[in-house]
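A.B. asks: In our numbering, the protein residues as written are 143 to 211. One structure is given below, represented as structure tokens, and several questions about it will come after.
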């Protein structure tokens with residue numbers, strides 16, 4: 143009877159190993175997606191900050207031109 147239980151436990155263990163491998167793979171894919179999306183978001187943030195600086199400079203130029211006019 144003990145050997146039967148051992149066989150059953152080994153089958154369960156094998157199933158759990160397969161499930162773990164699948165979940166690990168899915169988790170790794172999710173982490174890769176998060177890293178890629180984070181990088182894209184950081185790039186967009188940097189671009190937005192640069193554009194904000196450009197707009198600020200343009201506004202200063204416009205203000206000077208208005209006072210000169």
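Beta carbons are placed, not taken as given, at the ideal position from N, Cα and C, and that holds for glycine.
What would DSSP say about residue 205, mapped onto helix, strand or coil?
C.D. replies: Helix at residue 205.
A.B. asks: Tell me the rounded alpha-carbon separation between residue 210 and residue 199.
C.D. replies: Going by the C-alpha atoms only, they are around 17 angstroms apart.
A.B. asks: Just the Cα atoms here: how many angstroms apart are residue 189 and residue 162?
C.D. replies: So the alpha carbons of these two residues sit roughly 40 angstroms apart.
A.B. asks: When you compare only the Cα positions, how much space is there between residue 206 and residue 191?
C.D. replies: Taking the straight line joining both Cα atoms gives about 23 angstroms.
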